[in-house]
Amino acid sequence: MELKKWFRPFETVNQRQGLLIGGIWLVLVLGYWFLSSAGAKHLFPTPGQVWEGFSSLYQEGLVVHVASSLALCLQATLLSIVVSLVIVYLSPLPALKPLAQTFSKLRYLPLTGITFYLAILVKDARTMQISVLFVFMSLYFITSLLAVLKDIPTEEIDHARSLKCSRWEVLWEVVIKGRMDYVVDVLRQNLAITWMMLVTVESILVAAGGLGVLIKNSDKFMNHGRIVALQLVILLVGLLLDKVLHVARKSFFKYSTF
Amino acid sequence: MKWSNLTFFSKTLITVAIAAVVGGSVYFLSPGLRVDESKKVDKLEVSDKDVNNVTTSAELPVPGDEASTEVASKPLVRIAGYAWNAQSGIIVSNGGPKTTKGSIMEKNGVNLEIIRQDWLTELRNLQMKFIEELDKGNSFPKEGAAGIIIMGDGVPFYISSAQQALDDKYGAGKYQLQVVGAVGLSYGEDKLIGPPSWKMNPQSMKGALVSAVIGDGDWVTAVNYASANGIKINPDPATYDAEAVNFLASANDDYIESAKELIKSQTQKWTVPLKEVKAGKLTGKTIDKKVDGCATWTPGDKMVFDALTGFTDVVSTKEFNNQMATSIIFVRQWAEANKDIVSNILKSSYAASNQMKQYETWKKRASETTTKSFNMETPEYWYNMFKGQQGEKGGISYNMGGSRVFNLADANQYYGITDGVNRYKAVYDQVSRYLKDLNPAGFNQNVKRIVPYEEAVNLSFLKEVKDIDAGATYTTDYSKKATSVMASGEWRINFDPGRATIRPEAKDVLEQIYNLLVQAEDSKLELVGHTDNTGTQDGNYSLSTARAEAVKNYLIQKGIPATRFQKIDGKGQDEPAADNSTAAGKAKNRRVVISLLK
């Protein structure tokens with residue numbers, strides 16, 4: 001092991017050393033946490049408080065709440081992916097282009113107040129949760145997907161045309177099939193926004209439970225052990241989703257180079 | 001077979017299968033959702049009688065608009081609170097959000113800023129920020145707020161949770177939050193809204209879904225009403241129990257949302273999916289339930305009555321008139337170091353409120369300063385809402401708004417300093433019990449200890465307030481005959497067979513009855529005793545009357561005026577509540593029924 005290598009720019013280290021560096025950081029962070037929360041006064045809850053929070057949450061059905069959040073997220077994601085893709089794939093048609101562009105702009109609209117109108121359109125509270133999440137996810141998806149479309153090099157389109165592809169065939173081959181891997185990546189990038197919005201959306205219907213409701217209640221009572229435990233759970237589940245999508249893209253689209 | 005030899009499809013299948021098995025086992029092996037069971041909470045309730053106060057003090061000049069220069073050099077003290085009309089006394093004493101020229105606050109040498117903040121979490125954060133600065137050795141932090149003003153029935157919730165966080169952060173006992181006094185109260189502003197049938201026949205409320213901010217004062221009003229009528233409460237917002245009153249936790253903990261949820265459910269057939277429970281067990285069915293009523297406060301009530309027909313105020317803080325006092329909470333360590341400031345804030349508020357109670361000019365000025373401080377609506381709006389407004393729609397009358405402000409005599413009476421009946425303690429203890437028994441939003445899981453009244457309230461600052469006209473208190477006139485039953489409930493007060501002596505374990509029930517009676521101070525009472533079928537019929541009449549008398553005497557000895565008892569009766573064995581052929585049934589029949597009249 002050459003310690004010097006660790007502090008040299010652009011140096012590559014082997015996997016074992018990489019793990020070692022990661023491990024050291026982890027120990028440092030945990031050590032800092034233990035030490036900084038050891039005194040009488042501390043800003044952050046102690047590891048003991050967080051563990052206590054976690055175990056009490058687990059006993060109250062934390063896993064069911066995680067599942068509820070994931071189910072909500074999945075339903076809204078599937079819906080919004082389908083709708084956004086249709087809108088974006090049709091955006092090369094001049095007649096439909098303004099539609100996609102307008103939707104993309106609408107992402108600046110705040111959530112407050114809109115839920116009232118949504119409530120009038122839908123008949124029950126759970127559908128409203130899904131709709132709110134679906135509407136706002138779609139706006140971000142459309143924006144990101146439009147950017148993917150815009151970045152398609154003209155050479156690729158010209159290449160397809162030179163292969164005697166019709167305009168519709170170009171759309172199918174280059175835009176739809178050729179950029180499928182990007183769609184997965186866009187989903188991955190936007191999932192963080194979705195996952196973050198979940199807390200707000202879940203507070204629309206407390207009865208349905210979910211991680212958002214749990215963290216909101218813990219915040220209400222200032223139980224910091226539980227708050228941090230929940231933050232960690234939300235973070236880990238989010239990271240897991242991210243990883244799953246990343247691995248899925250790499251496996252499904254072998255040609256995907258980014 | 002080697003993994004690398006498998007096709008991509010096979011790998012995917014195996015991966016998905018493994019993920020499903022692992023995920024599925026984690027899901028099914030982990031503990032299920034906690035479900036709270038509906039509870040019948042021991043009950044009670046009330047009505048009102050506004051007594052005109054005699055003018056006892058000379059009218060003082062109202063405060064001006066201009067900022068005070070006299071107190072400008074003094075350290076600024078900030079207190080934050082909701083936009084709430086019951087605060088208009090303290091606001092007018094200050095002349096507005098900041099101390100003005102000619103204000104009573106200025107005369108008492110306090111440089112005060114009143115900040116509007118409608119989110120409880122933000123109020124709390126302001127106070128926590130202040131404590132953080134105080135902890136750094138800054139004796140007059142400019143950041144955060146030294147004090148916050150919340151409703152009295154929200155205090156056990158707030159102080160218990162914030163105190164736990166303070167103890168966690170700074171070590172146990174280093175900083176302590178305490179109520180230093182109350183400056184006004186909600187007098188009808190907070191209410192349960194529902195169909196008139198809930199008023200005529202409270203039992204028809206069973207199985208209803210009421211939107212409310214769970215744990216909030218409006219929710220407490222609804223819980224009080226259901227309890228007073230012996231209806232079970234479902235404390236769990238995720239479930240539906242047809243045998244109890246159910247609550248929908250309003251979106252974003254917003255009382256305006258409670259009103260909106262009722263409106264959209266009634267006008268748009270909007271429903272809420274709730275898991276059905278029977279006797280505390282999930283049935284596996286999900287019920288789509290519409291919202292039948294809401295618990296809210298002004299302007300939420302106005303919103304409902306503007307939008308819907310067929311709804312009325314079923315019960316409000318006019319009936320539970322001692323429930324929601326505007327309580328000021330300071331951190332003890334700072335308050336004790338600045339005793340004069342804290343007492344002078346109370347003193348100014350009481351002096352100004354006493355003027356408000358007597359003079360129109362002060363009431364008008366109060367509504368102007370309130371408008372300015374809250375930055376919403378018009379002075380007319382706050383003036384009308386302070387007095388409370390009545391309306392009628394589709395033949396159903398309803399009330400909106402209604403607040404009172406405290407002069408010194410009111411405050412002294414409220415805390416029992418004058419007459420020994422500590423009304424606030426009754427509210428505090430009652431709500432503490434609701435928190436523990438009904439566990440709103442997982443209170444018990446989050447908060448380990450409810451701070452007892454003795455630690456949560458510090459009356460030493462109030463007792464320092466002297467040399468002002470104390471004014472006259474609001475008093476209830478019990479000499480008139482009450483004609484309508486507001487609530488009727490049966491308390492299981494245990495008696496030994498054949499005896500009229502209250503058993504020791506019944507003391508706890510009586511304590512709760514007492515707390516509710518104090519909260520609903522304007523109601524009159526009717527006690528009817530009952531027996532099982534042991535003994536002779538005639539003997540049982542006198543025994544049942546004796547039982548009702550025993551309860552009456554107990555309550556009188558606790559401080560409930562004898563004039564409040566309108567009727568004491570004994571029905572003997574004539575009206576059994578349960579089967580007399582079993583011992584348990586007999587025990588149920590040995591009871592006293594208490595009705596609240598208005």
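Heads up: the sequence lines are chains R and E, in that order.
Its first residue numbered 1, the first sequence is counted upward by one per residue in full-length UniProt numbering.
Its first residue numbered 1, the second sequence is counted upward by one per residue in full-length UniProt numbering.
Heads up, the beta-carbon is just placed ideally off N, CA and C, and yes, glycines get one too.
Bridge partners for residue i per DSSP, in chain order?
i	result
residue 244 (chain E)	E:232
residue 404 (chain E)	E:185
residue 307 (chain E)	Its beta-bridge partners do not exist; DSSP assigns none.
residue 399 (chain E)	E:390
residue 294 (chain E)	E:193, E:211
residue 125 (chain E)	Per DSSP, none; premise fails for residue 125 (chain E).
residue 609 (chain E)	Outside the shown range of chain E, which is 1 to 598, sits residue 609 (chain E), and nothing can be said about it.
Under 9 Å, do residue i and residue j count as touching if we go by C-beta distance?
i	j	result
residue 88 (chain E)	residue 551 (chain E)	no
residue 316 (chain E)	residue 402 (chain E)	yes
residue 125 (chain R)	residue 72 (chain R)	no
residue 228 (chain E)	residue 516 (chain E)	yes
residue 153 (chain E)	residue 385 (chain E)	no
residue 101 (chain E)	residue 75 (chain E)	no
residue 160 (chain E)	residue 427 (chain E)	no
residue 329 (chain E)	residue 164 (chain E)	no
residue 521 (chain E)	residue 321 (chain E)	yes
residue 361 (chain E)	residue 371 (chain E)	no
residue 133 (chain R)	residue 84 (chain R)	no
residue 220 (chain R)	residue 253 (chain E)	yes
residue 311 (chain E)	residue 383 (chain E)	no
residue 220 (chain E)	residue 434 (chain E)	yes
residue 341 (chain E)	residue 77 (chain E)	yes
residue 349 (chain E)	residue 90 (chain E)	yes
residue 69 (chain R)	residue 191 (chain R)	no
residue 354 (chain E)	residue 57 (chain E)	yes
residue 275 (chain E)	residue 240 (chain E)	yes
Going by CA-CA distance only, name the one from the options that's closest to residue i.
i	options	result
residue 175 (chain E)	E:461, E:131, E:230	E:131
residue 445 (chain E)	R:237, R:252, R:59, R:117	R:59
residue 539 (chain E)	E:574, E:28, E:65	E:574
residue 250 (chain R)	R:134, R:188, R:238, R:161	R:188
residue 278 (chain E)	E:286, E:272, E:271	E:286
residue 62 (chain R)	E:60, E:72, E:33, E:67	E:33
residue 432 (chain E)	E:223, E:149, E:14, E:253	E:223
residue 52 (chain R)	R:225, R:237, R:256	R:225
residue 387 (chain E)	E:364, E:72, E:372	E:364
residue 396 (chain E)	E:313, E:118, E:266	E:313
residue 419 (chain E)	E:449, E:391, E:561	E:561
residue 458 (chain E)	E:331, E:145, E:449	E:331
residue 169 (chain E)	R:9, R:145, R:108, R:222	R:222
residue 129 (chain R)	R:76, R:149, R:49, R:35	R:76
Say yes only if the C-beta of residue i is nearer than 8 Å to one or more non-hydrogen atoms of the ligand ATP, and no if none qualify.
i	result
residue 434 (chain E)	As presented, the structure is devoid of all ligands, the ligand ATP included, so that no description of it is given.
The segment 437 to 448 of chain E touching the segment 225 to 235 of chain E, judged by at least three CB pairs closer than 8 Å: yes
Contacting positions in the segment 108 to 120 of chain R - beta carbon closer than 8 Å to chain E: Taking 8 Å as the Cβ-Cβ cut-off against chain E, the residues of the segment 108 to 120 of chain R that qualify are 115, 116, 119, 120.
Stretch pair the segment 170 to 186 of chain R + the segment 204 to 213 of chain R: three plus CB contacts closer than 8 Å: The answer is no - the segment 204 to 213 of chain R does not touch the segment 170 to 186 of chain R, with fewer than three Cβ pairs under 8 Å.
Residues of the segment 169 to 190 of chain E whose Cβ lies closer than 8 Å to any Cβ of chain R, in chain order: Those would be 169, 170, 171, 174, in chain order.
Inter-stretch contact at 8 Å, needing at least 3 Cβ pairs: the segment 238 to 249 of chain E / the segment 200 to 217 of chain E: yes
Selection of the segment 52 to 76 of chain R by Cβ proximity to chain E, strictly under 7 Å: Under the 7 Å Cβ criterion, the segment 52 to 76 of chain R contributes 56, 58, 59, 60, 61, 63, 64, 67.
The segment 83 to 102 of chain E / the segment 113 to 130 of chain E touching (three or more Cβ pairs under 8 Å): yes
Proximal residues, the segment 438 to 450 of chain E versus chain R, C-beta separation under 8 Å: 441, 442, 443, 445, 446, 447
Touching by the beta-carbon criterion (3+ pairs, under 8 Å), the segment 289 to 296 of chain E and the segment 210 to 228 of chain E: Touching, yes.
Interface positions of the segment 280 to 296 of chain E facing chain R (Cβ-Cβ less than 7 Å), listed along the chain: 288
Meets three-Cβ-pair contact criterion under 8 Å: the segment 519 to 533 of chain E and the segment 578 to 595 of chain E: yes
Inter-stretch contact at 8 Å, needing at least 3 Cβ pairs: the segment 304 to 316 of chain E / the segment 188 to 195 of chain E: yes
Selection of the segment 215 to 231 of chain E by Cβ proximity to chain R, strictly under 7 Å: Across the segment 215 to 231 of chain E, no CB contact with chain R closer than 7 Å is found for any residue.
Segment contact, 8 Å Cβ cut-off, at least three pairs: the segment 450 to 470 of chain E with the segment 408 to 424 of chain E: yes
Segment contact flag, the segment 213 to 223 of chain R with the segment 134 to 144 of chain R, C-beta cutoff 8 Å, min 3 pairs: no
Chain E contacts made by the segment 199 to 224 of chain R, where a contact means CB separation under 9 Å: Within the segment 199 to 224 of chain R, the residues whose Cβ lies closer than 9 Å to some Cβ of chain E are 200, 203, 204, 205, 206, 207, 208, 209, 213, 214, 216, 217, 218, 219, 220, 221, 222, 223, 224, listed in chain order.
Contact the segment 39 to 54 of chain R vs the segment 413 to 427 of chain E: 3+ CB pairs below 8 Å: no
At least three beta-carbon pairs within less than 8 Å, the segment 543 to 558 of chain E to the segment 493 to 503 of chain E: yes
Contacting positions in the segment 261 to 275 of chain E - beta carbon closer than 7 Å to chain R: 264, 268, 269, 270, 271, 272, 273, 274
Chain R contacts from the segment 242 to 254 of chain E (Cβ-Cβ distance under 9 Å): Residues are counted here when their Cβ sits less than 9 Å from a Cβ of chain R; for the segment 242 to 254 of chain E these are 248, 249, 250, 251, 252, 253, given in chain order.
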